[in-house]
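Structure record follows, encoded as structure tokens.
Protein chains in written order, with the numbering used here: chain V, 1 to 729; chain Z, 1001 to 1729.
Following this line, the structure appears as structure tokens:
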């Protein structure tokens, strides 16, 4: 693992997002989603199913307090099974001492506090922070003395805690609690919740592990793996990394843990054991290092793969990395929608088999696309390759954003690529596909997940690698590196090691018109700060020109289409030597590296060609035979009924040159949201006159039309109607 | 309703099917299906789920006998709910006094005895008849003194009989019992089972009806309606027709009966009422005369519509007929697969919305196609229109026959139009689609339904209308009519009224090479027998020549493409006059009528052009956009992997002339079954070299191929593989 370019996200405190596009999204989250979400998890949203989240914490906290007041240590009641989702018999009057909601309902809070943390970094808000602190007090009051913190078992009975890892999401609750606590700590410096999370994690370290007497299980819904790594990375306690590694090591070995624990439960209850486990649903069918095909519940899968990439990086685990590589190839070559969505089937919210990517029955859950972004960044941390950035960007700009309405007030859980509203209403096979975004969900994973992703988006844009790694006490590379994975206008700074114990600050101001234009200007400020800047050359660009000036020396470089070659301008040195006054430029696997010693006034300018691309699928994707999709930059386009009338399937594009000639781009501000739309020459099939369902075929009768295509993420903001990403060619 | 051409099927006793195609199918039923079925309903098939059918009859019969031996009238035990499908806890040792299997398990016997009856008519078999008589003894021994005969309630408790018409299929059992009993009586003249069926029907007449104190319900699964009409037609007892009419009249009126009985059951059991009824699933959402759209469970629907057509005919019910017309138009214009299958969704085995006819997730249950044949013939009985015959023929030759393997040993329940075996195995959304025919089914409706349809196929080929209707005592038309709806080689005779109380016999010998050729020769024998012969001009024929000789006078006639005009040859008289020596020819709505006074040596010869047709869908069928299907005569063709390799979706036909030029037909005897296959010029997409799932589109790279297409009904007789009816154009 020599000379590896491992990196970590740049601290969000060092970045301010000024980008028009992303600032708007972050403001939606701040002004719409976070306040709404707080109301929701306090059961105050009219017409929405109650969350019971904060109520459960209060019930658990009251139970704890009452016990303490009596002077006794807390002893939980004996366990009563209350189902995967427990609802009060009388919805108006839930009983005071009972747990209600899904078994994972605690995470409603954890996701909210995480989004709050990120948001406070970008936009301080004392009132929100006070609300958050009060919520944290409520949550922490529910924690047991031993650190355990999951209200489902605290309320229902601790004697059965950790006896159903497969279904009962305790370790999922741990993971989200850690994520939320770390974010809030990083934003505010307040560590009350972080300590609570550490105490729960410590309890899990005592409960799970290879040592005799400890449980050998692992999460039924993954997330704890990557959360524990994150905890380790902020407090440097190796035990958390070890526990993450243990969970990964245990997974998928025989005898299968989920079957064993089910047998134990049956025996305990005096019931006959009936196998009800599909281990592949939980990615627990094979040891993780032997997995090669992405299977099962898509969100679980990419959360797992994220944790695997983290552990591979921190532990130098080559077999784990190889599994990540195989799984990445499998997903991106066979199981990825062109919108960056994953999970082709609603049955199990799961991956289907290779190349089975139907548009109209797609599941493509918003959370799965978010998980894919998590994973992609962790692959980038493991090794900077443009392909990871391409997929991360694709998922983010398309499926993740499609999950939220342009006004931030309604959400998609499922993100189909083709919608016929009549089918959603009348065809039970498509009942999971909604023709309008929903206000909220009983299982509220997607909206808060969008909130935490959007508000932390900058941490996906920038990662860094320092020449002086703290854990080795030495230089492992000639100079620090800052990677630009996504392009968004922002102001940031990086601390650069110049000598052992000595750092300098490099300030950067990034300006770009992404995703609508491919121009990126980076202005640098510093006092002769050596640093290597790495710019992702997007796969969608047919050519990138990069110009820079560093200490008065300027250069230009051209990256060819496909990003496979660098043509240096004569004045450039295309090699890796570095000196105080020199720069070096190189290109490797999707990244353009410009190394220099930067001072005030230095500047880098990227101009990425951004043509409209006409894409087709691998022909093994049966549903897309004879169809194309149009993209421009990272944006995938779609036809909507509002622009093109009903029966979109009668339309086709008419692009004989297979390039953008004939296509017009137009900047519009409709829907109070600036965006670039496409006008594409097309044909529309004349409706048949015959009353016969089947009749002799003949030459096609079509008329010319100009098709209007809008960004996929912006669909369904003008009422119910048909939509289609793939169009006949 | 003046001058209506109502008709009834020609008595099967008067027809002997000599047709090579159908004789083979009937022999499969006789030698394979009927014996296997007998083993199945006696639980003697290794590896198949037990039917429990005959066992239940024996249990019920023993209970009856024991009571009688004790001298007491039979008193059933108090009702115990045993579920929709009751299975023994120990499969090896079912308890002796319990009912097992589906609530409708009695019908396994009824369907078998019906097929046995038809088969005995074509092929006397004393041993089979003895087995049947013994089975009838067992069944009749289970009947209660009051006539009730459904072992589910006889065994489980009569106090709850007829309290769950929606789900518990008692009236469905009645219907099948009647159908089976009538068929066996007509075949053998033995009336023991017929009397049992009449007694059960009589009991239902006493239980249900408009009179005060009688129940107002109707069947949850329709069939009793058409069965009661059939019973009325053989024994001329109007009460059965009235009960059928009552069931139809009641259906769909509010308050909904199925909801009312559910409330009553809940009240009886002291449970809160929770609505669990989807009335449209049972076609009980609207009064039947107000229904216009085919909805719900497809088999139920077409069984209902069959009964409606029967009652419309016998009662002269114009509103009922109008509903039949609307429903027919709805099904055939919006909800019919090109294979004659219906029921586009497996969820509820139901009709989907209009034009939603996906090929790969199709349900298209074999039984639904059979029900469509039932309905079509009844529409023909109501009014002879070529369109009904076309659909009847289409369903019969394609979906019905596809339901059974060419060796008669395995069966499809679901008949998709496109199959990718990998999807059936790995995509739970297609788990209802089997990639191989199954030996038998727990819910064994399709195989026995095929058996009764195939063995009675001649009753769909010929119907007759007599000039002297018994119920009016007068002449209602100038001459008797015999309709040819389907063409199959056969020897038949018709009794023709020549005067009140006087009949003559017209013997006919039909020879044809259908479905592979369009030539039909009818040789007549008789002694100056006046009769009008009506020949269906198939919608698939581009032109039909008919020649005849009658008493030495010959004529020729040509029906144009589309069947819309008659061109008489000069020597023909194109009018309706009739005399002892003359003939008259006319054409009306798909039928060519040739009237004459026939004697030995007279002959009619039809020559129907049978080109390969290249058909496309109404463009509202989204799944078929840009695709065509090939048919020839009544046969629909498909591509199979065995002939064309994997990845059938890469193939397209290359038929620039939109006609059969370039297509070769070939007669093959492979699979031990003579049939005509097609060789069609086509192109096959070159597989992509790129490892990219999505890549820039460009001109299509294809190579020439000769596609081989086989009849759809013959698919899946060479192992597992891909299949597709619709092919890209």
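Even glycine gets a Cβ: it sits at the ideal position worked out from N, Cα and C.
Which of the three DSSP states, helix, strand or coil, is assigned to residue 1375 of chain Z?
Here DSSP, grouped into helix, strand and coil, assigns residue 1375 of chain Z to helix.
Consult DSSP for residue 1297 of chain Z and reduce its assignment to one of helix, strand or coil.
strand
Exposed or buried, residue 1161 of chain Z, counting other C-beta atoms within 10 Å across all chains shown (16 or more means buried)?
buried
Could one say the Cβ of residue 369 of chain V lies closer than 8 Å to chain Z's Cβ atoms, at least one of them?
no
Looking at the C-beta of residue 1352 of chain Z, does it have a partner C-beta in chain V at a distance below 8 Å?
yes
Should residue 728 of chain V be flagged as near chain Z, meaning a C-beta pair shorter than 8 Å?
yes
Give the DSSP bridge partners of residue 1208 of chain Z, in chain order.
Z:1215
Give me the Cα-Cα distance between residue 41 of chain V and residue 33 of chain V, rounded to the nearest whole angstrom.
Straight-line Cα distance between these residues: approximately 12 Å.
Could you name the residues of the same chain whose beta carbon sits closer than 6 Å to that of residue 580 of chain V, not counting the 5 residues immediately before and after it, in chain order?
In this prediction, residue 580 of chain V scores a pLDDT of 40, lower than 50, which makes its location untrustworthy; no coordinate-derived value is stated.
Reference residue 1526 of chain Z, options Z:1603, Z:1395, Z:1358, closest by Cα:
Z:1603
Cα-Cα, which of V:707, V:251, V:189 is closest to residue 665 of chain V?
V:707
Anything in chain Z within Cβ reach of residue 338 of chain V, meaning under 7 Å, just list it in chain order.
1694
Beta-carbon gap between residue 1465 of chain Z and residue 1104 of chain Z smaller than 8 Å:
no
CB contact below 8 Å: residue 1417 of chain Z versus chain V
no
Option nearest residue 1347 of chain Z by Cα separation, candidates Z:1101, Z:1428, Z:1386
Z:1428
Please decide whether residue 617 of chain V counts as near chain Z, where near means a Cβ-Cβ distance under 8 Å.
Yes, contact with chain Z.
Does the structure place the segment 604-624 of chain V close enough to the segment 351-359 of chain V that three or more beta carbon pairs sit under 8 Å?
yes
For a cutoff of 8 Å on Cβ pairs, would you count residue 1278 of chain Z as touching chain V?
no
Reduced DSSP secondary structure (H/G/I, E/B, other) of residue 337 of chain V
coil
Along the chain, which unbroken stretches of the beta strand (DSSP E) at least 3 residues long are found entirely within the segment 1243-1275 of chain Z?
none
Going by the beta-carbon positions, is the gap between residue 218 of chain V and residue 257 of chain V smaller than 8 Å?
The answer is yes: Cβ separation under 8 Å.
Quick check on residue 46 of chain V - is its C-beta less than 8 Å from some C-beta in chain Z?
Cβ-Cβ to chain Z under 8 Å: no for residue 46 of chain V.
Report the three-state DSSP secondary structure of residue 643 of chain V (helix, strand or coil).
helix
Of all the CB atoms in chain Z, is at least one closer than 8 Å to the CB of residue 334 of chain V?
yes
Residue 361 of chain V classed as buried or exposed, judged by whether at least 16 other C-beta atoms fall within 10 angstroms:
buried
Contained alpha helix (DSSP H) runs [length at least 4] in the segment 462-501 of chain V, N- to C-terminal order:
The segment 462-501 of chain V contains no complete alpha helix (DSSP H) run of 4 or more residues.
Partner residues on chain V for residue 1087 of chain Z, Cβ-Cβ distance less than 9 Å:
Those within 9 Å of residue 1087 of chain Z in chain V number zero; the least Cβ separation is about 15 Å.
Candidates V:156, V:201, V:167, V:352: which alpha carbon is nearest residue 176 of chain V's?
The shortest Cα separation from residue 176 of chain V among V:156, V:201, V:167, V:352 belongs to V:201.
With a threshold of 16 other CB atoms inside 10 Å of the CB of residue 1502 of chain Z, please say whether the residue is buried or exposed.
Here residue 1502 of chain Z is exposed: its Cβ has fewer than 16 other Cβ atoms, across all protein chains shown, within 10 Å.
Short of 7 Å in beta carbon distance, which residues of its chain neighbour residue 709 of chain V, apart from the five on each side in sequence? Order them along the chain.
630, 637, 638, 639, 677, 678, 680
Among the residues of its own chain, which have a CB less than 8 Å from the CB of residue 1330 of chain Z, if the five just before and after it don't count?
1292, 1293, 1294, 1354
Consider the Cβ of residue 685 of chain V: report whether some Cβ of chain Z lies at a distance smaller than 8 Å.
By this cut-off, residue 685 of chain V is an interface position.
is_contact[residue 1345 of chain Z, chain V] using C-beta, thresh 8 Å
Chain V, which has a Cβ nearer than 8 Å to the Cβ of residue 1345 of chain Z, makes this yes.
Suppose the cutoff is 6 Å on Cβ atoms and the five residues either side in sequence are ignored; what does the same chain contact list for residue 222 of chain V look like?
300, 303, 304
Taking all protein chains shown into account, decide if residue 1084 of chain Z is buried (16 or more other Cβ within 10 angstroms of its Cβ) or exposed.
exposed
Look at the alpha carbon of residue 398 of chain V and the alpha carbon of residue 645 of chain V, and state the distance between them as a whole number of angstroms.
23 Å
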